[in-house]
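Okay, so here's the structure we're looking at.
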Amino acid sequence: MEDINIAVIGANGVGKSHFIQRALSLPRIPGPHPTTARVQIDNVPFAVTLSELDLEYFDVDPDSQIKWPKQIGGSIMPRVDGVLLLFDVTNRESIVELPQTLSALVNSSLTTVLVATKCDEPEDEREMEIESVAASCPSCLVTIKTSSSKPDSARMALFTLLRALSNGRHESDVTELTGGQRRRAASAAHLDAPIEAVNNRPLSQHSKHSRASSDMSLLKGIPLPSGMDYRNLSKSPRVEYLVSQSSNQSTESVDEVTAPSVSHMLRSPGVRLDSTRHNNSFLDVEDSDADSLRRYSDDVPMLPRNDDMVFNQPVKKTGVSFDELVDRLIAPKFSRADSNFMDVFHCLYRKFSTPNKLFSAILSRLDRAKDDRTVHYLTKVSNQLRIIEVVAKWVAAYPGDFARPRMRRSLEEFIRHLSTEPIFAAAAQQMRRTLSQSVLEDDETGWQPSNDGDEAYVSSEPAHGMYVADGMSSLSVDEGVERRPSGSSSLYTDGDNTGKNQHFQFHTPEDYEREAMTMEPTYHLPLTKFRYHMLMEISDDDIADELTKIDWVMFSSIRIRDLVRHVSLSTEQKAKCKSARNVNRMIAHFNHIAQWVSNLILMRDKAKHRAQMLEKFMNIALKLRQLNNYNSLAAIIAGINGAAVHRLVQTRQLVSEAVQKRFARLILLMGSQKSYFAYRLAWENSPLPRIPFMPLHRGDLVSAEVGSMTFVGPHGDRINWKKFEVLGEVLLPIMKSQGCPYPSLTKHDTARELILECLMPTDEDEIYQRSVQVESSAGAALDSSKKKFPWFAK
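Under the UniProt record's numbering, think of the first position of the sequence shown as 1, with each following residue one higher.
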């Protein structure tokens with residue numbers, strides 16, 4: 001991707017920062033560092049950098065080229081390709097140095113667009129005529145009026161310059177390809193000729209007239225856009241085409257913009273912002289930090305560099321602070337990445353903070369939002385509503401964080417103050433409803449300790465009028481807040497002969513956990529021919545459904561935080577952590593299903609009976625794939641591909657070839673090639689409801705947890721948020737899966753009895769010995785020879 005570096009030049013007070021903000025659709029005024037944007041022009045991406053410079057930053061000599069400063073905001077000044085020259089129509093002093101600056105820019109062969117700012121001021125307050133200034137600047141490509149009330153005008157000025165620079169580079173590339181020899185022959189003649197700003201090639205009197213004629217012939221019939229002021233079209237006839245094109249090219253979406261200090265730490269690349277915020281934005285923007293311009297270091301020679309230019313650059317900080325994370329937590333949500341950040345932060349913040357610390361930080365920002373007198377009243381109320389919504393979602397998703405007496409009192413006091421204002425009544429009612437239910441204190445094994453004595457005190461008496469907002473409609477947060485990430489699901493059980501069914505509802509993890517405790521294996525029904533025939537008579541769909549229901553209940557009983565702690569705690573800590581038993585239960589169930597499949601296949605002595613059972617489980621595996629139950633699918637594949645069953649050559653020969661081909665595709669799907677690439681692709685594209693292959697995702701969490709530290713920095717006080725972004729990539733799909741249960745689950749008592757209550761060996765060596773007993777390698781060879789050559793037996 002090519003780079004385009006543009007300098008925004010003007011006298012002090014002309015509005016350079018506001019111009020960059022409107023041109024790039026930034027949420028806030030940019031800082032002293034250059035701002036980088038990804039821009040597509042004619043489907044070609046460019047890295048565009050805008051650098052703000054005051055005229056007093058450098059000395060301008062009208063008889064020589066312009067001398068740029070070596071640094072800007074602590075960063076190396078990049079090579080400048082074009083200039084946006086700003087002047088204030090209400091301040092005559094802003095044009096005093098324009099002639100000398102333009103002369104230096106012409107000597108430097110830089111394309112320049114003249115921009116008039118504050119054009120929305122009344123005519124009687126203006127100190128100059130824009131047309132007069134434009135007439136005195138004939139070397140400028142175009143003159144454009146801008147105003148704060150029309151941000152499109154700033155984007156138009158920027159896009160006009162970008163189109164000119166892009167077309168100039170394109171024509172230069174075409175010339176090098178098609179006329180290289182002619183250009184080399186003429187290079188000596190034009191070595192000292194001035195360079196045309198738009199096309200970056202030497203000018204002569206003949207070339208000026210020939211280009212003007214050819215360009216004007218191409219531009220006939222193109223109407224001029226209204227509202228645009230520009231001049232000197234005879235000198236640069238391409239301007240009309242550029243401006244008309246720029247009015248049709250401002251339809252791209254804007255990427256999320258973050259503060260330079262934490263841009264690469266808190267940003268999720270490749271995620272679009274809401275296009276409704278700026279309907280005619282065309283830039284993909286990201287603020288650069290102090291070191292983001294190191295790619296331009298090749299443009300600065302090594303020898304002329306001074307020591308102060310190298311050593312005075314700000315040191316790039318590793319990690320982010322807790323306050324920076326909280327600021328992003330309560331910031332406006334413009335993209336899915338911002339919403340995902342909230343979910344990941346609420347889930348994982350206990351690894352580096354406590355509930356009381358987070359609650360105090362949110363309340364302090366809510367207080368500042370109330371006291372902010374620089375914004376409009378409606379904007380102030382909107383900011384307060386956004387912060388309160390963060391608290392409401394936190395309470396709904398993790399009520400256990402507020403189970404301790406002190407946190408509960410603080411939250412109740414907070415709710416009481418919210419209830420006094422109509423605008424906040426809905427949020428207060430939702431949080432009060434959550435607290436009124438049975439809230440169990442979360443197990444804090446492995447988390448940051450949150451003992452009341454160690455926490456900072458949360459004032460139970462907020463400042464007077466802290467949440468005052470009169471005359472507003474009520475807030476509704478019910479749609480965005482759920483009691484349980486997995487919502488609720490229903491379970492139907494087979495009734496008696498009358499056909500009546502019993503109906504059970506699961507709403508909370510506690511409901512699922514109580515049901516999951518009834519699904520642990522009991523091992524008391526011996527494996528006999530009767531059990532064999534019972535299983536063969538049950539349809540494949542019923543067995544697949546029952547396996548899916550068991551997996552879903554166990555999967556929903558696992559809280560996301562428990563899954564994270566299960567991979568980070570030691571063996572001793574896991575024994576103390578009560579919530580880890582839910583994860584252990586599902587892991588044990590996976591191993592139980594694999595052993596159950598192997599034992600049922602090896603139950604009968606005859607190969608034809610083993611082949612029937614093997615074929616049945618292959619068909620059940622296909623049904624599980626159709627149900628998107630990857631956990632039981634992997635367990636059945638593990639049981640069939642285990643050493644005890646995989647060696648049964650005679651048994652596999654009796655299985656239908658079509659069934660074996662379908663099962664082979666399932667093996668490829670769940671195979672470990674390329675780090676389970678096929679499964680990961682299928683998992684990402686599987687519709688809800690679905691159940692993940694838990695051992696693999698747990699392994700991903702282990703890699704992310706062990707592979708990086710939580711705290712970084714010279715003092716170990718900054719948070720390595722990149723680690724939590726990796727954890728979030730694993731956890732977010734699991735959260736989404738828990739939010740969509742299987743509809744109308746039907747319980748099959750017979751199938752569940754055969755799955756959970758069969759008495760069978762669980763030792764791998766014992767299972768393998770049974771495999772050798774029913775089909776030994778030597779015996780298999782002897783039996784086959786007897787069938788082919790019966791006289792050998794004599």
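C-beta atoms are modelled at their ideal positions from N, C-alpha and C, and glycine is treated no differently.
So, under 8 Å CB-CB, residue i and residue j are touching, yes? Tell me the CB distance rounded to an integer number of Å.
i	j	result
Ile6	Val83	7 Å
Phe46	Ile9	With a Cβ gap of about 21 Å, Phe46 and Ile9 do not count as contacting.
Leu727	Leu701	7 Å
Ala11	Leu55	5 Å
Ser109	Ile66	10 Å between Cβ atoms; not a contact.
Leu105	Phe87	Actually they are not in contact, since the Cβ atoms of Leu105 and Phe87 sit about 14 Å apart, beyond 8 Å.
Trp596	Cys740	Not a contact, Cβ separation roughly 28 Å.
Arg559	Pro509	6 Å
Asn631	Asp551	5 Å
Using three-state DSSP, classify residue i as helix, strand or coil.
i	result
Ile72	strand
Pro399	helix
Thr146	coil
Ala704	helix
Phe555	helix
Asp605	coil
Ile719	strand
Gly10	strand
Ile691	strand
Asp545	helix
Thr750	helix
Glu775	coil
Ile29	coil
Ile560	helix
Val243	For Val243, the predicted model reports a pLDDT of 39, less than 50, meaning its position is unreliable; a value from the coordinates is still stated below. Reduced to three states, the DSSP call for Val243 is helix.
Val39	strand
Leu648	coil
Exposed or buried, which one is residue i when buried takes at least 16 other CB atoms within 10 Å?
i	result
Phe334	buried
Phe341	buried
Arg565	buried
Ser556	buried
Ser288	Only weak support exists for where Ser288 lies, its pLDDT of 38 falling under 50; the value from the coordinates is given anyway. Label assigned to Ser288: buried.
Glu657	exposed
His33	buried
Ile29	exposed
Asn43	exposed
Ala427	buried
Val649	exposed
Ala456	With a pLDDT of 40 at Ala456, under the threshold of 50, the modelled position of that residue is not reliable, and the figure given next carries that caveat. Label assigned to Ala456: exposed.
Pro405	exposed
Asp323	exposed
Glu2	exposed
Ser64	exposed
Glu389	buried
Pro399	buried
Ser410	buried
Lys70	exposed
Gly716	exposed
Going by Cα to Cα distance, which pick from the options is closest to residue i?
i	options	result
Ala611	Arg680, Ala331, Met519 and Thr651	Thr651
Val774	Ile636, Tyr676 and Met603	Met603
Glu705	Glu729, Arg126, Leu668 and Arg690	Glu729
Arg38	Pro32, Gly31 and Val48	Val48
Glu131	Val142, His592 and Thr318	Val142
Val583	Met670, Glu513 and Val375	Glu513
Met613	Ala678, Glu537 and Lys661	Glu537
Pro526	Asn599, Glu546 and Ala643	Asn599
Gln660	Ile620, Ser675 and Gln673	Ile620
Val553	Ser579, Pro399 and Glu515	Glu515
Tyr532	Val712, Gly639, Thr750 and Ala157	Thr750
Ile320	Ile719, His748, Lys736 and Ser744	Per the sequence presented here, residue 320 reads as Val, with Ile not at that position. Comparing Cα positions, the closest option is Ile719.
Ala643	Tyr679, Phe359 and Ser771	Ser771
>> At 4 residues or longer, what runs of the alpha helix (DSSP H) sit wholly inside the UniProt domain "N-terminal Ras-GEF" (313–439)?
In response: Listed in chain order, they are 322–329, 336–348, 355–371, 377–397, 405–419 and 425–436.
>> As an exercise, report each continuous beta strand (DSSP E) stretch of at least 3 residues that is fully enclosed by the region 50–104, in chain order.
In response: Annotation: the region 50–104 contains the following complete segments of the beta strand (DSSP E) (minimum length 3 residues), in chain order: 82–88.
> For the region 121–146, which segments carrying the alpha helix (DSSP H) assignment without a break, of at least 4 residues, lie completely within its bounds, in sequence order?
Replying inline: Within the region 121–146, the complete alpha helix (DSSP H) segments of 4 residues or longer fall at 130–135, listed in chain order.
> Curious, which full-length alpha helix (DSSP H) runs of at least 4 residues does the region 577–643 contain?
Replying inline: Qualifying alpha helix (DSSP H) stretches, in chain order: 580–601, 607–626 and 630–640.
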